[in-house]
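For the sequence shown, position 205 (counting from the first letter as 1) is numbered 204 according to numbering that gives the first Met the number 0, and the numbering increases by one without interruption. Glycine included, C-beta positions come from ideal geometry on N, C-alpha and C.
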Amino acid sequence: MKKWTTQQRYAPYGSYSAETLAGLIRAQRNSRWHLSFHIQPRSGLLNDPNGFTYYNHQWHVFYQNFPYGPVHGLKSWRHVTSPDLVHWQEDQLTLEPRAPYSTQGVYSGSALPVNDQLFLMYTGNVRTTNGGRISTQLGAWLNQDEQLTASDLPLITQPSGYTPHFRDPQILHVGKTYYALLGAQRADHQGQILLYQADAVNGPWSLVGPLDLGHADLGYMIECPNLAFVDGHVVLIFCPQGLDRQRIPYANIYPNMVIVADAVDWQNARLVNPGPVTNLDEGFDCYATQVVNGPDHQAYAISWLGLPDTTYPSDREGWQGCLSLVKALHVVNGQLRQTPVTIPAATSHFEPLRDTLKGREVLTFDLNQVPTGKIALGNGHEELALTFDGQALTIDRRIAGEPVDSDYGNTRKLDLLPGSHQLALWLDRSSFELFIDDGQRVASGRIFPHFDTPWRVTTALDTPVQVTGQRLPKLN
Numbered sequence: 000m001k002k003w004t005t006q007q008r009y010a011p012y013g014s015y016s017a018e019t020l021a022g023l024i025r026a027q028r029n030s031r032w033h034l035s036f037h038i039q040p041r042s043g044l045l046n047d048p049n050g051f052t053y054y055n056h057q058w059h060v061f062y063q064n065f066p067y068g069p070v071h072g073l074k075s076w077r078h079v080t081s082p083d084l085v086h087w088q089e090d091q092l093t094l095e096p097r098a099p100y101s102t103q104g105v106y107s108g109s110a111l112p113v114n115d116q117l118f119l120m121y122t123g124n125v126r127t128t129n130g131g132r133i134s135t136q137l138g139a140w141l142n143q144d145e146q147l148t149a150s151d152l153p154l155i156t157q158p159s160g161y162t163p164h165f166r167d168p169q170i171l172h173v174g175k176t177y178y179a180l181l182g183a184q185r186a187d188h189q190g191q192i193l194l195y196q197a198d199a200v201n202g203p204w205s206l207v208g209p210l211d212l213g214h215a216d217l218g219y220m221i222e223c224p225n226l227a228f229v230d231g232h233v234v235l236i237f238c239p240q241g242l243d244r245q246r247i248p249y250a251n252i253y254p255n256m257v258i259v260a261d262a263v264d265w266q267n268a269r270l271v272n273p274g275p276v277t278n279l280d281e282g283f284d285c286y287a288t289q290v291v292n293g294p295d296h297q298a299y300a301i302s303w304l305g306l307p308d309t310t311y312p313s314d315r316e317g318w319q320g321c322l323s324l325v326k327a328l329h330v331v332n333g334q335l336r337q338t339p340v341t342i343p344a345a346t347s348h349f350e351p352l353r354d355t356l357k358g359r360e361v362l363t364f365d366l367n368q369v370p371t372g373k374i375a376l377g378n379g380h381e382e383l384a385l386t387f388d389g390q391a392l393t394i395d396r397r398i399a400g401e402p403v404d405s406d407y408g409n410t411r412k413l414d415l416l417p418g419s420h421q422l423a424l425w426l427d428r429s430s431f432e433l434f435i436d437d438g439q440r441v442a443s444g445r446i447f448p449h450f451d452t453p454w455r456v457t458t459a460l461d462t463p464v465q466v467t468g469q470r471l472p473k474l475n
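This is the structure we're talking about:
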């Protein structure tokens, strides 16, 4: 597989031929791991979802993209829209690097409807000659004709006492004030979330201070802070890199965490009565989650089903990454629940679930107790397995096709309370998302089966299990 130099990663898009891009687009479209109902890159690498919002009578998501290979290179934003959070359509709209503030990439950010336009706030990345970086928060306007106009001047520059690891703004409008949350790293290499405020989206922006989360020592850098209002609570989702695993256990290279609080004290930059820091997703591949409150105030989330500093089998085909299903968020008894936004049965054709799987199914397993034994999706020599020992569920992807980067293991163990449980498994060719008990817990991951022989569902449990399912339509 090609080894990319820094110069190659950050070469201008104009240095690539149209034939090179066309070949990469074909490779992704023809891949045996091409997904049926998830957002995926047209070509190259997809990572963070950006600008997730509702504007001009449709839902919008941008995704970070390096179009010319499966590596983190010169990033831009590509644009997809949906009428229902299920059927997504990609168009030609892109937010691309431009001098002088985003010469080496358009990094993560968010979007907010303002009057009849959509305002984008994002991080511009510039690489210095000595290998350092300059991070600047920038703005752009999208009108109803999908004409994009980038602002010429920075909105927020690096504050004193912090390193250039200062990025991923989420812009919010609360009352008459605009707020921005930014991931940051202090000069002493402690991760923080910074809170800014302004009377208008184009500034001037002033620093309120670091947001007090009620928890100290949250790693060396916090990425992708996102806040939503959920059922009378505040839900803060963030990615604390370097978090101490002894304090808050997690299995992946970097975690995606959540705190449920009663409110935000905006004036004093603190969460009010914050709960514990917990894993948003207990699977293998989930990061950089974005949240938004829709026009009816319902909160939704979408994640990158991937991780930084991780390789995947599709890299050999020149592409990497996909986004998760969109999940509706609720808070029940102080805990976050995530449930997938489903395809309306009245508007889509579902095929009955037959003997073999095509890799685009939703399967439901109703258990009257925590069993002992195994549920397997596979063909005898490759399988995605759910094993039970009477107290816990272990998700095992070790032989689910081509191996995934295994430095952090290919099994995940989830303790289960005694009693009945329902598991809903969404399978989409090279991804799975497991929802336990109406989204009280979620575990997601990528798998890369060979598909040389059909997969089937087999059960070998010491207690009866009811299995139901549907085959989902191809949406991509």
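Express the C-alpha separation of residue j and residue i in angstroms, rounding to a whole number.
i, j, result
"V259", "G274", "5 Å"
"W87", "T80", "5 Å"
"A345", "T363", "Residue placement at A345 is poorly supported in this model, since its pLDDT is 43, which falls under 50; the coordinates still yield a value, given next. Going by the C-alpha atoms only, they are around 20 Å apart."
"T4", "D414", "43 Å"
"T127", "L366", "57 Å"
"Q136", "Q421", "44 Å"
"G131", "G358", "44 Å"
"A26", "G317", "7 Å"
"E401", "T452", "14 Å"
"T148", "S101", "14 Å"
"Q116", "W140", "7 Å"
"Y561", "K74", "Given a span of 0 to 475 for the chain in the structure shown, any question on residue 561 remains unanswerable."
"L324", "S107", "19 Å"
"G293", "H59", "11 Å"
"L433", "V441", "6 Å"
"H78", "T309", "24 Å"
"A262", "Q191", "19 Å"
"W425", "L84", "16 Å"
"V290", "F51", "7 Å"
Helix, strand or coil for residue i, going by three-state DSSP, please let me know.
i, result
"D461", "coil"
"Q245", "coil"
"A345", "Model confidence at A345 stands at a pLDDT of 43, short of 50, so the residue's coordinates are unreliable; what they give is reported in the following sentence. Looking at A345 - three-state DSSP - the assignment turns out to be coil, as it is neither helix nor strand."
"S323", "coil"
"E316", "helix"
"Y12", "helix"
"E360", "strand"
"W140", "strand"
"I155", "strand"
"K2", "coil"
"S150", "coil"
"H172", "strand"
"T355", "coil"
"F450", "coil"
"V85", "coil"
"H188", "coil"
"N475", "coil"
"P69", "coil"
"T80", "strand"
"R124", "Arg is not the amino acid found at residue 124; the sequence shown has Asn there. If DSSP states are grouped into helix, strand and coil, N124 belongs with the strands."
"Y161", "strand"
"I133", "strand"
"G477", "The structure shown does not extend to residue 477, since the chain is modelled only from 0 through 475, so no value can be given for it."
Compute the beta-carbon to beta-carbon distance between residue i and residue j, rounded to the nearest angstrom, for a pair I have assumed lies under 8 Å.
i, j, result
"M220", "Q245", "Incorrect: roughly 19 Å between the Cβ atoms, too far for contact."
"P500", "D314", "Residue 500 is absent from the model: the chain starts at 0 and stops at 475."
"I394", "L385", "6 Å"
"Y12", "G43", "With 8 Å as the limit, Y12 and G43 do not qualify as a contact, their Cβ atoms being about 11 Å apart."
"Q63", "D47", "5 Å"
"R455", "T355", "6 Å"
"S150", "N201", "7 Å"
"Q184", "T162", "5 Å"
"V369", "F387", "6 Å"
Output the boundary residues of the beta strand (DSSP E) element that contains residue i.
i, result
"T176", "T176 to R185"
"R8", "Note, R8: premise wrong, no beta strand (DSSP E); alpha helix (DSSP H) at T5 to R8."
"N201", "From DSSP, N201 is part of no beta strand (DSSP E); its letter is neither H nor E."
"V259", "M256 to A260"
"M220", "M220 to V229"
"L217", "No beta strand (DSSP E) contains L217, which DSSP labels as neither H nor E."
"V369", "Unbroken run through V369: none, as it is neither H nor E."
"Q252", "What sits at residue 252 in the sequence shown is Ile, not Gln. That residue, I252, is in no beta strand (DSSP E); it is neither H nor E in DSSP."
"Q337", "Q334 to P339"
"G444", "R440 to R445"
"P480", "Because the chain spans 0 through 475 in this model, residue 480 falls outside it and cannot be assessed."
Would you say the beta carbon of residue i comes nearer than 6 Å to a heavy atom of the ligand FAD?
i, result
"L226", "Looking at this structure, you won't find the ligand FAD or any other ligand, since it has none at all."
Inside the stretch 374-434 only - beta strand (DSSP E) runs reaching at least 3 residues: Runs of the beta strand (DSSP E) inside the stretch 374-434: 382-388, 391-398, 410-414 and 420-427.
Those runs of the alpha helix (DSSP H) which lie wholly inside the stretch 98-122 and span at least 4 residues: The qualifying runs do not exist here; there are none.
Whole runs of the beta strand (DSSP E) within the stretch 265-301, excluding any shorter than 3 residues: Complete beta strand (DSSP E) runs here, min 3: 269-271 and 286-292.
Any beta strand (DSSP E) of 3 or more consecutive residues that is wholly inside the stretch 15-59: Listed in chain order, the complete beta strand (DSSP E) runs (minimum 3 residues) inside the stretch 15-59 are 43-54.
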